[in-house]
Amino acid sequence: MRMLARILVFVLALALFFPGLAGLSLSRVGSERAGEIRSAAESWLRTTARKQGLSLDRKDALVGRASRAADALERRQTHVPLLGFGLLLLFFAARRPKKSTLGLGEPVTDNVGLPSGASYSKREIRRIVKDARVLQAEKGAEAAGEFLFGQGLLDEAAEMFTRGGLLNRAAQVRHDQNRFHEAAGLLLQAGKLEAAAATYAQIECFEEAARCYRDAEKFSVAGEMFERAENFREAGACYQGIGFHRHAAQAFLKAGCEEDAAESFVAAFNDEGGGGNLPEHRVKEMCALAREAGELLTKLERFEDAELILERAGEYARAGRVAFQREAFDRASELFLRVGRGDLAAKALERLDDAEGAARVLGEYLRDQGEDEEAAVQLERAGNHADAADLYRKLERYQEAGDCYWRAGDYEPAAEMFTAGQRHERAAEAYEQAGRYQDAAESYAAAGNPARQAELLERADCFYEAGRSYAEQDRTDDAIRVLQRVEAGSPHFEEACGQLGQLFQAKGMHGLSIKKFQEATGSGPVTRANVEAHLKIGKLFEDRQQFDAASETYEKILSFDYQYADVSDRLERMKQAKSTQPRGGAGEAAQSTEPGPLRYQVIRELGRGGMGVVHLAHDQVLDRDVAYKVLPESLRGSTNALRSFLREAKAAAQLNHPNIVTVYDAGESEHGFYLAMEYVDGTTLKEIVQRRGAIATAGVVYIVRQMVDALSYAHSKRVVHRDIKAANTMWARDKQVKIMDFGLAKVMEEMRNATTLVSGTPFYMSPEQTLGQSVDHRCDIYSLGVTIFELATGQLPFRTGNVPYHHVHTPPPDPRSIRSDLPEPLAKIILRCLEKDPAERFQDAKEILEVLQSTSDGSV
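Each residue of the sequence shown is one higher than the last, beginning at 9 in the numbering used here.
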């Protein structure tokens, strides 16, 4: 900076000195000589302006300004100050400074006091050097050097300091001389590595600076200097030595040292927690490092190392590609699958000749991508028939879906698909494999195969339908064999007997025919349903010349329908025949009747249970069939029991709901207490579960909605059932639920209290019932929960061991542990119903209905 200032002062001094000198000259040469000088100057200016192409006006203006400037300079008050200031500035610019700040130490002072900046001759220099040597001998090299420095002999001073070992001071002198390279060399000799490095850097000798910094163990700065010197390999080594792995990697990359760069990337990944639990932005950084390392390691054919670091970073797709490149196809497949790239995994498996596995993973990938059609083809090719079938079903390609379900051994949906695709023969085969023989029979019927239809109906225990089918095919013996297996309690018993009567008649076995027709009509009156059977009986009696029996039968028919067929003519013929027949002739059948209540004519027994025996009976007053229940004999002989029975029967009779069996009448007969109730043509839910197992979810919900509706209605009338169970719930042929025996459980409870027993069925009893505590409508909620559990799973929540203890103390199992596909909302309803504490259950049956309605519109 001092040198620059001197130069600027020198230029300014010249700018002032020469105009002042020109003014002084003009003032002393006389006016005539001055005029000549001016004329010459103006002529020169005009010539110059003409050469530069200036206009006339510009030329005149330029000459005018020059003339005015000459006039001004000629005046004494102008040129004298200019000349004086110029000389003064020249003096200051030329003088030698007494002090020098090198930036490497303290300012140096001229100890001798001689004028600095003085100009010496060679002789004077030799004298000064001689004096310095004398001073060196007396006071040492430092004093001699400072003396020379003070005299302005900087080279001699630097040499003196160097010979005296004062390298740092010598470096300061060289630095003041702007001889930086020599200064740095002296500092390096003096062991001042950082100072030497800084000096080298100042003159952009970055390589030397870097080596000095490296030797001084300043590796970070050394790395920067090596980078500026474009020695990237050494820069990388410096960064690597202090753990600056990212910088090292970039430097090695620039140096083309890919092996070292890869190692540095790996080191950076490891040191910075790669593969660990990091924030999202850090995870992205680690992935970038891993990708850089992976690319380099792959390029270097270090495939396993590349694969490892990419996997640790979660870059599974890239790791998979590396594994594929090194032909580790099983490993590649695994990595591709971890990132959901089934298409790439399939290619790897193909290289392993695993066509099935390739098709499977490709199919799953395509399915996830929504490409169902191609996915189905691949899954089928892989042998994953169930999943392929689901996709074909979704695509409404029912034949392919059925074939795949069949191959998967899933016969029920296979049958459904074959049915949807109008392949009834295949549907029948699938239903048969699934054990759904009745459905198989229907499919065989649709396929036009009545022989197989009949066989499957027989296997389904649908004996009446099977018998009819055999009969239609003229397979009489098979028809008789099967129809004889129809039990008396079956809804089709009468029809089966009538059919058997016809078959025996066709075979000429009239005695058996009459017997079966009589079983078909029963002991009740003639109805529209059995009038034809009565006519056939009459005809058989007529054929066998049992005219009295025939006449009696015809009279019964005429009492029902006087115009029916030709019965009146036949009766007249019987009377005529009887008049001509010898007395005591052809065998008359003995007449007999069974005892029974006057109003109700018992037809047959329907079933037995803890609440008594149920008969099918005919109400002869109102001319209708009823369910006639006779309660256990143990209730007879108790006035309290009769009073309680009639009270509960009266309350039950007040219930008028489509899902509750209606009570018509109650009383006492010679057989005991009885109830006359609505006859429901159907079967109990218990029988359905025992025969078929768990009911489909939609069916369970359909049943529960009706049961809940019935209980809600009964509870609103303050009637508690106390024995809700599957066996007390009928499933009518019109798909309607009917709850039976309202009020009877309370009667049984009051009777059993005297013997310290509790009422209800242990498998369905609430904890408060089990403990003999007072109960309310919430005990029905608990029993309903047990019933739903049984319908949904095919089994009771507590089946073995001390069942009453379990109901009081043991938490019920989650129904989904038995049936995994059971919807969660339905499972929650069941478990809440089964809470031990009544306060934790649904407090009203309506709440269950509301939950069902709020869950997918009640469809669960």
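We put the beta carbon where it would ideally sit given N, CA and C, even for glycine.
Taking C-beta atoms as the reference points, residue 795 and residue 733 count as a pair closer than 9 Å. Under the three-state reduction of DSSP output, residue 685 falls in the strand class. When Cβ pairs closer than 8 Å are counted between the two stretches, the region 316-333 is seen to touch the region 343-353, the count reaching three or more. Contact annotation: the region 542-549 touches the region 502-514, with at least three C-beta pairs closer than 8 Å. In this structure residue 174 is not in contact with residue 155, their Cβ atoms being roughly 13 Å apart against a cut-off of 8 Å. Nearest to residue 412 by C-alpha distance, out of 770, 429, 388, is 388. Judged by DSSP in its simplified three-state form, residue 128 adopts coil rather than helix or strand. For residue 521, the uninterrupted alpha helix (DSSP H) segment begins and ends at 518-529.
When 839, 256, 831 are compared, the shortest CA-CA separation from residue 704 is found for 831. Relative to the Cα of residue 849, the nearest Cα in the group 860, 858, 837 belongs to 837. The continuous alpha helix (DSSP H) containing residue 324 extends over residues 324-333. Secondary structure at residue 680: strand, using DSSP grouped into helix, strand and coil. Shown here, residue 616 sits in a strand according to DSSP, grouped into three states.
With respect to the C-alpha of residue 790, the residue from 747, 847, 365 having the closest C-alpha is 847.
For residue 636, the uninterrupted beta strand (DSSP E) run begins and ends at 632-638, by DSSP. Secondary structure in the region 709-750: the beta strand (DSSP E) runs of 3 residues or longer, each lying completely within the stretch, are 737-740, 745-747 in chain order. The DSSP-derived three-state label of residue 609 is strand.
If you ignore the 5 residues before and after residue 806, its C-beta comes within less than 8 Å of the C-beta of 771, 814, 815, 818, 820, all in its own chain and listed in chain order. Looking at the DSSP output, residue 668 sits in a beta bridge with 747.
When rounded, the separation of the alpha-carbon atoms in residue 828 and residue 507 is 46 Å. Taking C-beta separations shorter than 6 Å and ignoring five residues to either side along the sequence, the partners of residue 305 in its chain run 270, 313, 314, following chain order. Around the beta-carbon of residue 825, fewer than 16 other beta-carbon atoms lie within 10 Å, marking it exposed.
Setting aside the 5 residues that flank it on each side, residue 488 is surrounded in the same chain by 508, 511, each with a C-beta closer than 7 Å to its C-beta; the list follows chain order. Contact check between the region 855-863 and the region 708-726: three or more CB pairs, one atom from each, fall below 8 Å, which counts as touching.
Under the rule that a run must span 4 or more residues, the alpha helix (DSSP H) segments found entirely inside the region 188-226 read 188-197, 201-210, 214-223. Going by beta carbons, residue 564 and residue 610 fall outside the 9 Å limit. In the three-state reduction of the DSSP assignment, residue 625 falls in the strand class, which pools E and B. In this structure, DSSP gives residue 350 a helical state, which the three-state scheme calls helix. By DSSP's assignment, residue 674 forms a beta bridge with 683.
Taking all protein chains shown into account, residue 219 has 16 or more neighbouring C-beta atoms within 10 Å of its C-beta and is therefore buried.
Per DSSP, residue 410 is one residue of the alpha helix (DSSP H) stretching across 406-415. Partner residues in the beta bridge of residue 692, as assigned by DSSP, are 738. In the structure shown, residue 818 falls within a coil segment according to DSSP collapsed to helix, strand and coil. If you look at residue 470, you'll find it isn't in any alpha helix (DSSP H); DSSP assigns it neither H nor E. Residue 521 and residue 540 have their C-alpha atoms some 14 Å from each other.
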